[in-house]
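Residue numbers (the numbering used here), protein chains in the order written: chain C, 1 to 340; chain W, 1001 to 1398.
What follows is a short report on a single structure.
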Amino acid sequence: MKIQTILAAGAMTVAAVAAQNAQAGAVLDGIKAKGFVQCGVNTGLPGFSAANAEGKWEGIDVDVCRAAAAAVFGDANAVQYTPLTAAQRFTALQSGEIDILSRNTTATTTRDAKLGLTFVGINYYDGQGFLIPKALGVSSATELDGATVCVEPGTTTELNLADYFRAKGMSFEPVVIENINEATAAFFSGRCDVYTTDASGLASIRTQMAENPADYVILPEIISKEPLGPVVAQGDEQWSDVVRWAFAAMVEAEEYGVTMENVDDMKANSTNPGIQRLLGVSPGMGEALGLDEAWAYNIVKQVGNYGESYEKNVTAKLGLERGLNALWTDGGLQYAWPVR
Amino acid sequence: MSKPQNAPGDVRSKGLVDYLNDENVRAVLYQVVAIGLIVLAGWYLVSNTLYNLEQQNISTGYGFLDLEASFEISETMIDYSAQSDYATALMVGLLNTVKVSLLGIILCTIIGTIFGVARLSSNWIVRKLATVYVETFRNIPVLLQLFFWYALIPSAFPHPRDALEPLPGVLLTSRGMYLPVPEPDNAYTLMTIAAVIACVVIYFVRKWAKKRQDATGQPFPMLLAGIGIFVGLVLAAYLAGGAPTDMSMPALKGFNIQGGYNISPEFMAVLIGLTVYTSTYVAEVVRSGIQAVPNGQWEAADSLGIRRSIALRKVILPQSMRVAIPPLTNQYLNLTKNSSLAVAVGYPDLVSVSNTTMNQTGQAIEAISIFMSIYLGLSLLTSLFMNWFNKKMALVER
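Okay, here's the thing in structure tokens:
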């Protein structure tokens, strides 16, 4: 009898705890309670996310996290960073170790639907390319038959690589190293003929990590579509909305010409109803998202608009022009959903 | 409690309290409760995990094993391509783990024994050198040693275009070592069969030789005879198979060296790293084993006029084995488990392939459960084998 009672009580406690553990809508509450956003970033990809000489994280991916923090707390510095390899990133997000994954991650069906994730925007439109030493005299990816290729595991890059060589009837030998620094070191030491990843990543490796960038060329072929963007876990729609609109606000600010410098002036003087809505002069947007009305103002003031973030991180560090990432009005693909 | 006592001797109708006070009943009861709690805890963890995964819309199950892997693996011992399924990919990883572990175990035993004996040498230089070797490599974390070897190998050798050729057909490059191998031929199957037969023959000859020595005291040159039987039989099979001479020679073609057998820098780094690291522990095990044999054994052998080298081989080492085998088993298990660090230097072992699988499918729990069970299985197999070996070597009490 007694034993049965104990067992029953035990089972009940267990059931109660189990029910407590998974609670929808908990992410944003958790972030507010702890006072900062836990942001998963690349272990080191200059232009996207890398620690600078002072140990501060910067890059276009880092700015998405900073924008989210600015929207929630009014303080873009309320972010803590977790550097992750490609293979670690989704587990970290699924387990709740990080609140947002902003790590040059390609949006795909499997990831969105099967891994319990939500892609909330595309902050960089990219495609996969090949980096190769000039000395090899190769001018096209179609000449790569039999090459040894360095690639990071657990990436779409690894799959595209196999697809591309299979489609072209060529063979290759992969060298798969998880840590990007180890992988690039292997490439520069001559272990591989070719390094493959997204074209922006190649530019980053070439300009920031090669001893002499002029010794390396990026081949003209772009073999895939790589829409890179921030990801959150499914289950807290309010939090995914915050991140989605924090990024949209950056693009919208650029569309309206609102910059870090003129944002105070715009807030005080602009008569454009769109700008007034964005900056919280006419209230409503903040309330809709469960945030302060100055959410977008804080983003632009502290992080800057999308164009500023791109200019500061990608153009200045990697020398890459806007290309696909120009605003739609300039013939690019960046097109913010209207904040209204 | 209030229940009246039953008549003495009527065991069957004892009250509940008496029943619970029975020592035997209690012993069983405690065990039932303990098992119950463990099962409950396990059930809680599993059901809670499943519930949470479902809440987060993460798909579960092992169905992904049949899907196409679509990634390539550099070193495969079985047929594998990007079109193969995940199960095959994991098999490739497992075989690579087994390959590097098995070779590592054999090599670390040989090297470790040499250094273990050398540490007890009467020669000062040999003794000190062995001590330096053991103390250096034992005290540096094995992961750092792997990084060290992996950084060293590609940068120490030239690009395939200017490959070093120390022996004809053997190429040393930053992409590893290339060895010439014979082209596939039926003769080699025949030779393998001959090798197996040779081993069986040697086993029986050895049995006979031992019997004879026990009976007459006459020793038999087993080593020479063994080599003779093995080489003779295999050579005969080679000749019978038509003595093929076609070799696949490694040579530069396009980007890489094609043909021959490639030992990749990743494999070399892992094998050297694990072997060197574990051999230091094996050396210590061997040294302690030898020192555990009483000095009287040396003196007894001496007084019979047995040379020191033979005394070591025939008297001391066999006895030290009894002390050494259990800790040696530990080292073999450690080496196998440490091989999972191979993922850091890009050797496609089980963990590396599982990590990729996990990441491409998102099935983290499933992938981890697979490689954990496989490592457990490998370790249990090693233990079983070593326990059997230990029993065989143990002193037979008379």
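Just so you know, even glycine gets a beta-carbon here, dropped at the ideal spot from N, CA and C.
These numbers come from a predicted model, not from an experiment.
Asked, Found
"Separation of Asp1214/W from Lys1207/W, as counted between CA atoms", "11 Å"
"Chain-ordered neighbours of Phe1371/W on chain C, where CB pairs are closer than 9 Å", "Per Cβ cutoff of 9 Å: no residues; Phe1371/W is ~14 Å from chain C at best."
"Partner residues on chain C for Thr1097/W, Cβ-Cβ distance less than 7 Å", "Result: empty, since nearest Cβ-Cβ is about 15 Å, beyond 7 Å."
"For Ser270/C, three-class secondary structure by DSSP", "coil"
"Closest Cα partner of Lys34/C within the set Asn181/C, Asp99/C, Ile223/C, Val217/C", "Asp99/C"
"Beta strand (DSSP E) segment containing Asn1262/W, residue limits", "1261 to 1263"
"DSSP-derived helix/strand/coil call for Glu1075/W", "coil"
"Through-space distance from Asn1139/W to Gln1291/W, alpha-carbon basis", "23 Å"
"Under the three-state DSSP convention, the category Glu261/C falls into", "coil"
"Boundaries (first-last residue) of the alpha helix (DSSP H) holding Phe172/C", "No alpha helix (DSSP H) contains Phe172/C, which is instead part of the beta strand (DSSP E) from 172 to 176."
"Closer than 9 Å to chain W by CB, Asp241/C", "no"
"Exposure of Leu1164/W, with buried meaning 16 or more beta-carbon neighbours within 10 Å", "exposed"
"Buried or exposed by the 16-neighbour rule on C-beta atoms within 10 Å, applied to Lys1128/W", "exposed"
"Segment contact flag, the stretch 151 to 159 of chain C with the stretch 180 to 199 of chain C, C-beta cutoff 8 Å, min 3 pairs", "yes"
"Where Ala1364/W meets chain C, residues with beta-carbon distance less than 8 Å", "Phe90, Thr91, Gln94"
"9 Å Cβ cutoff met for Val62/C and Val243/C", "no"
"Three-way DSSP call (helix, strand, coil) for Gly1273/W in this model", "helix"
"Chain-ordered chain W contacts of Thr148/C [CB-CB under 7 Å]", "Arg1175, Phe1255, Asn1256"
"Strand pairing of Cys150/C, partner residues [DSSP]", "Val175/C, Tyr195/C"
"Three CB pairs or more closer than 8 Å across the stretch 103 to 120 of chain C and the stretch 1382 to 1398 of chain W", "no"
"Chain-ordered residues of the stretch 1144 to 1163 of chain W with a beta carbon less than 7 Å from chain C", "Pro1154, Ser1155, His1159"
"Beta carbon proximity, Glu252/C to chain W, threshold 9 Å", "no"
"Close beta carbons around Met1321/W, own chain, < 6 Å, minus the five adjacent residues each side", "Met1393"
"Outcome for Lys32/C when other beta-carbon atoms lying within 10 angstroms are tallied against a minimum of 16", "exposed"
"Beta carbon proximity, Thr1356/W to chain C, threshold 9 Å", "yes"
"Inter-stretch contact (C-beta, 8 Å, three-pair minimum) for the stretch 1120 to 1127 of chain W and the stretch 1263 to 1271 of chain W", "no"
"Stretch pair the stretch 1328 to 1339 of chain W + the stretch 1071 to 1084 of chain W: three plus CB contacts closer than 8 Å", "no"
"9 Å Cβ cutoff met for Pro227/C and Ser102/C", "no"
"Three or more C-beta pairs below 8 Å linking the stretch 46 to 60 of chain C and the stretch 85 to 97 of chain C", "no"
"Integer Cβ distance of Leu202/C from Leu131/C, believed to fall under 8 Å", "4 Å"
"Beta-bridge partners of Glu226/C, as assigned by DSSP", "Asp126/C"
"Beta-bridge pairing of Lys1253/W - partner residues as DSSP gives them", "Asn1256/W"
"Any 3 or more C-beta pairs closer than 8 Å across the stretch 1227 to 1247 of chain W and the stretch 1188 to 1201 of chain W", "yes"
"Touching by the beta-carbon criterion (3+ pairs, under 8 Å), the stretch 1291 to 1310 of chain W and the stretch 1365 to 1374 of chain W", "no"
"is_contact[Ile1125/W, chain C] using C-beta, thresh 9 Å", "no"
"Any non-hydrogen atom of the ligand MG closer than 8 Å to Val314/C Cβ", "In terms of ligand content, the structure shown is empty, and the ligand MG therefore cannot be addressed."
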